[in-house]
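Undergrad: Letter by letter, the sequence shown follows residues -21 to -1, 1 to 225 of mature numbering (1 follows the signal peptide of the UniProt record, and there is no 0). We put the beta carbon where it would ideally sit given N, CA and C, even for glycine.
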Amino acid sequence: MKRSGYLLLGMCWLVGAPAAADDIVLYAYHLKPPYLIDRNKQAGLYYDLARYLNQHVQGHTFKTVYLPRKRLETDLENGRLHGLVVGVHPTWFRDAARTRYLWSPPFMTDEDVVVSLHSDPVQYDGPESLAGKHLGLSFGYYYYGVDELVRRGRIARDDAVSEEASLDKLARKRVDATIITRRTLDYMLRHRADWQQQFYVARKPHDAFERMILIPREFSSAAPAITHALTAILQDPAWQKALRSY
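#1: Could you check how far apart the C-beta atoms of residue 212 and residue 41 are, in whole angstroms? I think they sit under 8 Å.
#2: Following the continuous beta strand (DSSP E) through residue 7, name the residue where it begins and the one where it ends.
#3: Along the chain, where does the beta strand (DSSP E) that runs through residue 25 open and close?
#4: Taking just the CA atoms, how far does residue 177 sit from residue 159?
#5: Determine the closest residue to residue 125 out of 165, 114 and 102, with distance taken between C-alpha atoms.
#6: Would you check if the distance between the CB atom of residue 12 and the CB atom of residue 225 is smaller than 8 Å?
#7: Using beta-carbon positions only, say whether residue 94 and residue 190 come within less than 8 Å of one another.
#8: Give me the Cα-Cα distance between residue 43 and residue 63, rounded to the nearest whole angstrom.
#9: What separation, rounded to the nearest whole angstrom, lies between the Cα atoms of residue 186 and residue 121?
#10: Express the C-alpha separation of residue 147 and residue 167 in angstroms, rounding to a whole number.
#11: Would you tell me roughly how many angstroms separate the C-alpha atoms of residue 204 and residue 220, rounded to the nearest one?
#12: Less than 7 Å between C-beta atoms, sequence neighbours within five positions excluded: which residues of the same chain meet that for residue 15?
#13: Where do the ends of the alpha helix (DSSP H) carrying residue 179 lie?
#14: Going by C-alpha to C-alpha distance, which of 5, 119 and 174 sits closest to residue 65?
#15: Output the boundary residues of the beta strand (DSSP E) element that contains residue 45.
#16: Could you compute how far the alpha carbon of residue 54 sits from the alpha carbon of residue 97?
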């Protein structure tokens, strides 16, 4: 009986044990293509990045997991996020000086663009050029310079659950313009033939940025290996091929 009890206790300890030290989760909150396309099939750029790291980093196994941003931020602030954050930039997490967290080298460049209809194009030249417009934007997202004008009543903001939903509103002429990540727009236009001739993309982006991996300090031991693996990723033909595939 005692032996069975010890065995049961041992099994309970294993069930409740945290993931092995070499298993590292890449948490992602961008639930949109081409970053997270199919969670069941693990299709998308953030899954590709996990596979890339698994090929180039010894001693660790990486996997990408979706987590809504609000919960991700809460867990991160309270020290309960048992993993890294993929596809983000220091300014989005109040860490422009890069002192709160560790940061990987960038693994892609990206931009947010202003999209309107070809029949009524919006020439974007900074947030002020959107004054008086009715914008379709994504719920819960902050848009630099734009939200400030929304609060002052100079821009009307119409929230949608996704960038695709905002594009649909634009196609139906329910909004004047929208702001969308360029890679997401390119992906959607490849898969929506009815949209390909409808939209006008302003030459000047609303924002341009690099995507990195946020590394909480409790994962500092993994930072050198991740940094080494990603230092030259932007020049890696295999990674460039993956970026172009979407």
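TA: For this structure:
#1: Their Cβ separation, rounded to whole angstroms, is 14 Å, which puts residue 212 and residue 41 out of contact at 8 Å.
#2: 2 to 7
#3: No beta strand (DSSP E) contains residue 25, which is instead part of the alpha helix (DSSP H) from 24 to 35.
#4: 15 Å
#5: 114
#6: The answer is yes: Cβ separation under 8 Å.
#7: no
#8: The alpha-carbon separation between residue 43 and residue 63 amounts to approximately 9 Å.
#9: Computed Cα separation, rounded: 12 Å.
#10: 11 Å
#11: 23 Å
#12: 7, 9, 23, 25 and 45
#13: That residue, residue 179, is in no alpha helix (DSSP H); its beta strand (DSSP E) goes 178 to 180.
#14: 5
#15: Residue range 40 to 45 is occupied by the beta strand (DSSP E) that includes residue 45.
#16: 43 Å
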